[in-house]
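Heads up, the thing below is written out as structure tokens.
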Amino acid sequence: MKCLKRFERQRGSLQIIYFLYQNKEGIISDFIYELKIPTSSINRAVDMLKGFGLIEERSVEGSNKRIFNLTEKGKRIGKLIEEMEEILEGD
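This is the structure we're talking about:
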């Protein structure tokens, strides 16, 4: 339960995973504008998700842009979130 408590306390972590699950990749500004999460929360969530091995980051050559995508482990979590959404919405 220790890992789940970290997720619960870190605003935006599940939303970022689900966004990446649906969109395949994303950048920080996607998380800010699409998910309406403050930058400071996003940075903490991204660090946590990378630490758990759920997301990967790559840089665009010649740019500051960082592109994030899910690892295989992250995709499994994304699928579970999608299933939770379906259950909560009543299929």
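Residue numbering for the sequence shown follows our numbering, beginning at 3 and increasing consecutively.
Virtual Cβ for every residue (Gly too), placed ideally from N, Cα, C.
Nothing here was measured: the structure is a model prediction, and the numbers come from that model.
Neighbour-count burial assignment, residue i, 16 or more Cβ in a 10 Å radius
| i | result |
| --- | --- |
| S65 | exposed |
| I44 | buried |
Pair within 9 Å by beta-carbon distance, residue i and residue j
| i | j | result |
| --- | --- | --- |
| L56 | I79 | yes |
| L72 | I19 | yes |
| I89 | Y23 | no |
| L51 | G28 | no |
Among the options, nearest to residue i - alpha-carbon criterion
| i | options | result |
| --- | --- | --- |
| I69 | E58, K77, K75 | E58 |
| R8 | T41, D49, S61, K81 | D49 |
Whole-Å CB distance - residue i paired with residue j, under 8 Å assumed
| i | j | result |
| --- | --- | --- |
| R46 | Q17 | Not a contact, Cβ separation roughly 13 Å. |
| G14 | L37 | 6 Å |
Which of helix, strand or coil DSSP assigns to residue i
| i | result |
| --- | --- |
| E63 | coil |
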